[in-house]
Amino acid sequence: MDFSLTSEQEKLKNIAKEFAEKELAPKARELDKNPVFPRDLLKRICELGIGVGAIIPKEYGGNAIGHLARILVNIEIAKASAFMGLALQTIPIGLWVLLHFGNEEQKKKYIPEVAKGEKIACLAATEPTGGSDIANVNTVAKKVGNNYVVNGSKVFITLAPESDVCLFTAKTEGGVSLFVVEKGTEGLILGPADEREGLRAAKVGGIRFKDCKIPEENLVGKEGQGLRAALKGITEVGRPGNIAMAVGISEAVFEKTVQFLKDRKFYGGKALAGLQGIQFTLADMYMEIEASKLLAYKVGWLLDQGKTGVEIGKEIAATKAYTSEVAKKVAFKAISLCGAYGTLPGFDLIRYLRDALETDASAGANNVCRMLLGKELTGILSLGG
Ligand SMILES: Cc1cc2nc3c(=O)[nH]c(=O)nc-3n(C[C@H](O)[C@H](O)[C@H](O)COP(=O)(O)OP(=O)(O)OC[C@H]3O[C@@H](n4cnc5c(N)ncnc54)[C@H](O)[C@@H]3O)c2cc1C
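Start counting the sequence shown at 686; every next residue gets the next number (the numbering used here).
Here is the structure:
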């Protein structure tokens, strides 16, 4: 077992850290207050070779840096601004699905521009009546001649109003299928963004289809493969992205808190950080963050060994739920440790807490990950009770 990173992975992590600290962090508070998705910053991240194309092969405009490297860089980005972590979590999901289920024409047409950050893609699976029950698809794609006519709606889609390309699940005669559609298609309504408390600049919102006519060549894979395709993307790309976002939030909160407690002095000039009661809480936070990080790295490493989401669903689900729970807990404890300062907007801890709360539902709610784990551990899928 070797815990060291390669020199290439170290290099990419440092590039991400430098960019995040210099270019993202100074804008994060303002973008939370007045949310606008900064396409220019996303493009810059992609130009640095650490963005949307991280795990996409070079022949389709990607950087092929690997899954562990993607997790390393996404942690650095999320430390500075978690909403950009969410963008890097979700935009590549659709690309991954196209890569594995699309035909050559679709891959060449849609992947390169998105991988380079020139266009934005979303994957829309969640429905108002579905939520965690991703198989409960009520959006319908009816075959009419050489087209499909789509009606229905999706909710909570990251970057919905910003998307140039949208992959979505819909019910067809052959079962749940996956389609790709471009912005500007008649009957496709992208957005508006919801009023959200966390990850605000990631512009999560709804999508509606109103007699939206889509040519049959926009079917990705075969009819009936839609759920398998979406789940592959969510498990192998979405969940690891969420894991990185949660670890980034935990690390950022921890560093800010330790610094504050070292700087804050009274009781005759003693730093709060020197009090044993405070140190015990910091020690607990550190233990959980370190465990989160190691679990996150292991998920990236396993994916780099060529393991599929089906093969390592247990490790991915456990890590997703754990890292998200730790991020929520760490942010909550940090606010308490910093007293009244912890709740000041200028201190950012409340922002990180709001963002941490969003890591639960996204990419398969933590309880759904627990349900998947339960099935792996016992062989019994428990949906009720
Ligand atoms: C920031 C953010 C970004 C998102 N981006 C996208 C996106 O790009 N594309 C997309 O398709 N979707 C996206 N989603 C939606 C996300 O996939 C859903 O929120 C998620 O599937 C949960 O659905 P729900 O919110 O309707 O919660 P529900 O399914 O209603 O769940 C409510 C609660 O019940 C729990 N629960 C559900 N089932 C079980 C069970 N069997 N046993 C025990 N507890 C259970 C859940 O854990 C949760 O705590 C995003 C969500 C967020 C918050």
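The beta carbon of each residue, even a glycine, is placed where N, CA and C say it ideally should be.
Could you give the distance in angstroms between the alpha-carbon of G1024 and the alpha-carbon of E867?
Against the sequence shown, residue 1024 aligns to sequence position 339. Against the sequence shown, residue 867 aligns to sequence position 182. Between G1024 and E867, the C-alpha separation is close to 49 Å.
State yes or no: is the C-beta of I819 within less than 7 Å of the C-beta of A810?
Position 134 of the sequence shown, counted from the first residue, corresponds to residue 819. Position 125 of the sequence shown, counted from the first residue, corresponds to residue 810. Closer than 7 Å, so yes.
Spell out the partners DSSP gives V834 in its beta bridges.
Along the sequence shown, read from residue 1 onward, the residue named residue 834 stands at position 149. DSSP, once it has assigned bridges, lists K827 and K898 as partnering V834.
So is the beta-carbon of N823 under 6 Å away from any non-hydrogen atom of ligand 1?
To locate residue 823, count along the sequence shown from 1; it is residue 138. Distances between the C-beta of N823 and the heavy atoms of ligand 1 are all 6 Å or more.
Give me the DSSP bridge partner(s) of T854.
Walking along the sequence shown from the start, residue 854 turns up at place 169. Partner(s): L863.
Rounded to whole angstroms, what is the Cα-Cα separation between L1068 and S1009?
By one-based count along the sequence shown, residue 1068 stands at place 383. By one-based count along the sequence shown, residue 1009 stands at place 324. So the two alpha carbons sit approximately 22 Å from each other.
F1017 (DSSP reduced to helix, strand or coil)
Position 332 of the sequence shown, counting from 1, holds the residue named residue 1017. Note: F1017 maps to helix in three-state DSSP.
Using a Cβ-based criterion (distance less than 6 Å to any ligand heavy atom), does A1046 qualify as near ligand 1?
Working through the sequence shown from its first residue, we reach residue 1046 at position 361. Correct: A1046 has its Cβ closer than 6 Å to ligand 1.
Whole-number beta carbon distance between L1038 and I1020, since they are thought to touch under 8 Å:
The residue you call residue 1020 lines up with position 335 of the sequence shown. The residue you call residue 1038 lines up with position 353 of the sequence shown. That pair is a contact at about 6 Å.
Pairwise C-alpha distance: Y952 and P723
For the purposes of this step, residue 723 is taken as the residue at position 38 of the sequence shown. For the purposes of this step, residue 952 is taken as the residue at position 267 of the sequence shown. Straight-line Cα distance between these residues: approximately 45 Å.
Does at least one heavy atom of ligand 1 sit under 6 Å from the Cβ of E1010?
Position 325 of the sequence shown, counted from the start, is the residue given in the question as residue 1010. No, the Cβ of E1010 stays beyond 6 Å of every heavy atom of ligand 1.
Which same chain residues end up closer than 7 Å to K999 when comparing Cβ atoms and leaving out the 5 residues on each side of it in sequence?
Taking the sequence shown and counting its residues from 1, one reaches residue 999 at position 314. Same-chain partners within the cutoff: L1058 and E1061.
Where A958 and L757 are concerned, what is the direct C-alpha to C-alpha distance, given to the nearest angstrom?
As a first step, residue 958 must be located in the sequence shown, where it is residue number 273. As a first step, residue 757 must be located in the sequence shown, where it is residue number 72. C-alpha separation (whole angstroms): 29 Å.
Count the other CB atoms, across all protein chains shown, that sit within 10 Å of the CB of R814; report buried if there are 16 or more and exposed otherwise.
As a working mapping, residue 814 is identified with position 129 in the sequence shown. The residue asked about is misnamed: residue 814 is Thr in this sequence, not Arg. Taking every protein chain shown into account, the CB of T814 has fewer than 16 other CB atoms within 10 angstroms, so this residue is exposed.
May I ask you to list the residues that DSSP assigns as paired with C807?
Here residue 807 refers to the residue found at position 122 when the sequence shown is read from its first residue. Per DSSP, the beta-bridge partners of C807 are C851.
Starting from the N-terminal side, write out each stretch of the alpha helix (DSSP H) that is 4 residues or longer and does not extend beyond the stretch 746 to 772.
The qualifying runs are 752 to 765.
With a threshold of 8 Å, are at least 3 pairs of Cβ atoms found where one atom belongs to the stretch 937 to 947 and the other to the stretch 889 to 902?
Contact between the stretch 937 to 947 and the stretch 889 to 902 is absent, because fewer than three Cβ pairs lie under 8 Å.
Hey, how far is the Cα of E798 from the Cα of A1003?
Working through the sequence shown from its first residue, we reach residue 798 at position 113. Working through the sequence shown from its first residue, we reach residue 1003 at position 318. If I take the Cα positions, the gap works out to 33 Å.
Output yes or no for whether 7 Å exceeds the beta carbon distance between T1044 and N927.
As a working note, residue 1044 is residue 359 in the sequence shown. As a working note, residue 927 is residue 242 in the sequence shown. Yes, these two residues count as a Cβ contact at 7 Å.
Could you tell me the alpha carbon to alpha carbon distance between V835 and L784, rounded to whole angstroms?
As a first step, residue 835 is located in the sequence shown; it is residue number 150 there, counting from the start. As a first step, residue 784 is located in the sequence shown; it is residue number 99 there, counting from the start. For V835 and L784, the gap between their C-alpha atoms comes out near 24 Å.
Could you tell me whether the Cβ atoms of I740 and L697 are closer together than 7 Å?
Taking the sequence shown and counting its residues from 1, the one referred to as residue 740 is at position 55. Taking the sequence shown and counting its residues from 1, the one referred to as residue 697 is at position 12. In terms of Cβ geometry, I740 and L697 do not form a close pair [threshold 7 Å].
Look at the Cβ atom of N759, then the Cβ atom of G747, and state whether they are nearer than 7 Å.
On the sequence shown, residue 759 is found 74 positions in, with the first residue counted as 1. On the sequence shown, residue 747 is found 62 positions in, with the first residue counted as 1. Not closer than 7 Å, so no.
May I ask you to check if the CB of G816 is nearer than 6 Å to at least one heavy atom of ligand 1?
Along the sequence shown, one-based indexing puts residue 816 at 131. The answer is yes for G816.
Suppose you measure from the CA of F1017 to the CA of I892; what does that come to, to the nearest Å?
By 1-based counting over the sequence shown, the position of residue 1017 is 332. By 1-based counting over the sequence shown, the position of residue 892 is 207. Those two C-alpha atoms are separated by around 33 Å.
Apply the 10 Å Cβ neighbour rule to N1052 and answer buried if 16 or more other Cβ atoms are within range, or exposed otherwise.
Start at 1 with the first residue of the sequence shown, and residue 1052 comes out as number 367. N1052 should be labelled exposed.
Since G779 contacts G918 with CB under 8 Å, what's their CB separation in whole angstroms?
Here residue 779 is taken as the residue at index 94 of the sequence shown, counted from 1. Here residue 918 is taken as the residue at index 233 of the sequence shown, counted from 1. The Cβ separation is near 7 Å, so the contact holds.
Have a look at the DSSP bridge pairing and note the partners of K801.
Numbered from 1 along the sequence shown, position 116 holds the residue referred to as residue 801. Checking the DSSP bridge columns, you'll see K801 has no partner listed.
Using only the heavy atoms of ligand 1, determine whether one of them is closer than 6 Å to the beta carbon of F864.
By one-based count along the sequence shown, residue 864 stands at place 179. Relative to ligand 1, F864 has its C-beta separated by 6 Å or more from all heavy atoms.
Provide the residue span of the alpha helix (DSSP H) that contains G911, from first to last.
Indexing the sequence shown from 1 puts residue 911 at position 226. G911 to G918 is the span of the alpha helix (DSSP H), which, as asked, contains G911.
Using a Cβ-Cβ cut-off of 6 Å (strictly less than) and excluding sequence neighbours within five positions of G909, which residues of its own chain qualify?
Here residue 909 refers to the residue found at position 224 when the sequence shown is read from its first residue. G859 and G860.
Would you say the beta carbon of L884 is closer than 6 Å to some non-hydrogen atom of ligand 1?
The sequence position of residue 884 within the sequence shown is 199, counting from 1. A heavy atom of ligand 1 is found nearer than 6 Å to the CB of L884.
Are A887 and F768 touching if we call contact CB-CB under 7 Å?
Sequence index remark: in the sequence shown, residue 887 carries index 202 (1-based). Sequence index remark: in the sequence shown, residue 768 carries index 83 (1-based). A contact, by the Cβ cut-off of 7 Å.
Top-ranked residue by Cα proximity to Q694, from D717, H752 and V737
Within the sequence shown, numbered from 1, the residue matching residue 694 stands at position 9. Comparing Cα-Cα distances from Q694 to each of D717, H752 and V737, the minimum goes to H752.
Cβ-Cβ separation, V850 to A915 (assumed contact under 8 Å), whole Å
Within the sequence shown, the letter at position 230 stands for residue 915. Within the sequence shown, the letter at position 165 stands for residue 850. Going by Cβ atoms, the distance from A915 to V850 rounds to 15 Å, so no, they are not a contact pair.
Pull up the CB-CB distance for V1015 and V938, whole angstroms please, since I reckon it's below 8 Å.
As a first step, residue 1015 is located in the sequence shown; it is residue number 330 there, counting from the start. As a first step, residue 938 is located in the sequence shown; it is residue number 253 there, counting from the start. Between the beta-carbon of V1015 and that of V938 there is about 5 Å, and that keeps the pair under the 8 Å contact cut.
Is the separation between the beta-carbon of I974 and that of L987 shorter than 7 Å?
The residue given as residue 974 occupies position 289 in the sequence shown. The residue given as residue 987 occupies position 302 in the sequence shown. The Cβ atoms of I974 and L987 do not sit closer than 7 Å to each other.
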